[in-house]
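Numbering (the numbering used here), first residue to last: 1 to 419.
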């Protein structure tokens, strides 16, 4: 039997090299994960260029190999945790840039107001003044967000990860979490009974036991409300714009749910780190308070550099250069209050840690890809119909239209295209 099934998972490019020879029913299999964003299951003949059609027995063997492979990955994650146990760590800290000269009460662009308010002014003039003040306030808010985005982008470029607080209101975070958990139940039932293909509801995830990557649809009001708060009202959109440009492409729209009992992942980047500039930015938004025992994301700041990535790929020797890197690199943990986020460069080394609590950890996330970059090295967690359909600027514009009018022709058309 030649097992040539490629199982795509959220692991990143060359995240780690794990090989073992498995004997089963007198067949020898090599289980290796070293390719870009994929786990490859293949026989020792290494003939993996074509996918074979398998019968039920073969499918059972593939499932068995996947389970063995996940066990090996789990063990590697536990080993890495041991390697890093004496490293210095901290919680991902809030970064709030101070922007001067953009106050609403008389600073740059502010409507400071003069002396008195003559009662003889006409009603139409009062209305005109209200419109001007409203327009001035809107322009000032945009200018402030742009200025904040510039400051966040500086820290982001240096560290590869930055925290922003209150990017979602409490009410929106609670409602979005409730909606997504209901959607998970519905999606699971649809996929289980065969009424819809799995790729239309879930993306693949590293260590899928007790984890799921639930892709989000367009259409529901709560999705638009959340995206409006994130991309229009918070500095997230401006930071992405400063880093990737307004033409950055929506690459992921999903929710990662880590159930109690989920294991620690292996340290990995989401995309290759063989270029000097960011190609993909992901923002993880906490939909509930994330405590230390809930499996917060572990990020290794400043590891999004090609020279570090080269060391990370060197796995020969005992200890290997890769293990030496992990043993000597400080890290931060995404212990976040509800509605806050961690924005990170896809090239940054990171992992999800074990959820040892009794509460599901849900993070809603959006990713944007640089427009001039083709395939970044990792399949996006997004509904297939939404691939390459929206830019950052285009989505922001449509969200503003939806906010004003209660509908958007573009968003409605895309929503109606979803299966």
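Glycine is no exception: its CB is placed at the ideal position from the N, C-alpha and C atoms. All figures in this text were calculated on a predicted structure; none of them were measured in a lab.
Exposed or buried, what is residue i when buried is set at 16 or more other beta-carbons lying within 10 Å of its beta-carbon?
i           : result
residue 419 : exposed
residue 234 : buried
residue 108 : A caution first: residue 108 carries a pLDDT of 25, below 50, which makes its placement in the model unreliable, though a value can still be read off. Burial call: exposed.
residue 404 : exposed
residue 205 : buried
residue 228 : buried
residue 198 : exposed
residue 151 : buried
residue 398 : buried
residue 402 : buried
residue 98  : exposed
residue 172 : buried
residue 292 : exposed
residue 225 : buried
residue 241 : buried
residue 334 : buried
residue 195 : exposed
residue 73  : buried
residue 408 : buried
residue 24  : In this predicted model, residue 24 has a pLDDT of only 38, less than 50, meaning its place in the structure is not dependable enough to derive any value.
residue 360 : buried
residue 417 : exposed
residue 39  : In this prediction, residue 39 has a pLDDT of 35, which is less than 50 and means its spatial position is unreliable; what the coordinates show is noted afterwards. By the 10 Å Cβ count, residue 39 comes out buried.
residue 317 : exposed
residue 406 : exposed
For the beta strand (DSSP E) holding residue i, just list the boundary residues, first then last.
i           : result
residue 369 : 361-369
residue 281 : 280-286
residue 92  : Counting along the chain, residue 92 falls outside any beta strand (DSSP E), and DSSP gives it neither H nor E.
residue 328 : Counting along the chain, residue 328 falls outside any beta strand (DSSP E), though it belongs to the alpha helix (DSSP H) covering 321-328.
residue 162 : 161-164
residue 251 : 249-258
residue 227 : Run containing residue 227: none in the beta strand (DSSP E); it sits in the alpha helix (DSSP H), 221-228.
residue 333 : 331-333
residue 297 : 297-299
Return the first residue and the last residue of the alpha helix (DSSP H) that residue i is part of.
i           : result
residue 184 : 170-192
residue 290 : Counting along the chain, residue 290 falls outside any alpha helix (DSSP H), and DSSP gives it neither H nor E.
residue 401 : 392-405
residue 309 : 306-312
residue 237 : 236-244
residue 411 : 409-417
One question on the structure: do residue i and residue j come within less than 8 angstroms of each other, judged by their Cβ atoms?
i           : j           : result
residue 284 : residue 271 : no
residue 357 : residue 260 : yes
residue 254 : residue 382 : yes
residue 301 : residue 311 : no
residue 266 : residue 80  : yes
residue 314 : residue 83  : no
residue 256 : residue 365 : yes
residue 218 : residue 184 : no
residue 236 : residue 164 : yes
residue 462 : residue 264 : The structure shown does not extend to residue 462, since the chain is modelled only from 1 through 419, so no value can be given for it.
residue 395 : residue 230 : no
residue 384 : residue 200 : yes
residue 355 : residue 295 : yes
residue 179 : residue 220 : yes
residue 249 : residue 158 : no
Hey, residue i and residue j are a contact pair by Cβ (cut 8 angstroms); roughly how many whole angstroms apart?
i           : j           : result
residue 211 : residue 289 : Contact flag wrong, Cβ pair sits at about 19 angstroms.
residue 167 : residue 341 : 5 angstroms
residue 392 : residue 246 : 6 angstroms
residue 238 : residue 145 : 5 angstroms
residue 349 : residue 269 : 6 angstroms
residue 363 : residue 414 : No, residue 363 and residue 414 are not in contact; Cβ-Cβ is about 23 angstroms, not under 8 angstroms.
Ordered along the chain, which non-local residues of its own chain (more than five positions away) have a Cβ less than 7 angstroms from that of residue i?
i           : result
residue 329 : 87, 300 and 303
residue 244 : 278, 281, 368 and 370
residue 251 : 280, 367, 368, 369, 380 and 382
residue 90  : 332
residue 148 : 97, 99, 235 and 238
residue 176 : 222, 226, 287 and 364
residue 118 : For residue 118, the predicted structure reports a pLDDT of 41, less than 50, and the residue's modelled location is therefore unreliable. A value from the coordinates is still provided. So the list is empty, once near-sequence residues are dropped.
residue 323 : 83
residue 170 : 338 and 339
Spatial neighbours of residue i within its chain, please: CB distance less than 8 angstroms, with the 5 preceding and 5 following residues excluded, ordered by chain position.
i           : result
residue 274 : 306 and 309
residue 386 : 218, 250, 253, 414 and 418
So, at 6 angstroms on beta carbons, what are the nonlocal neighbours of residue i in its own chain, with the 5 sequence-adjacent residues on each side left out?
i           : result
residue 343 : 162 and 283
residue 156 : 162
residue 141 : none
residue 187 : 201
residue 390 : 250
residue 336 : 286 and 290
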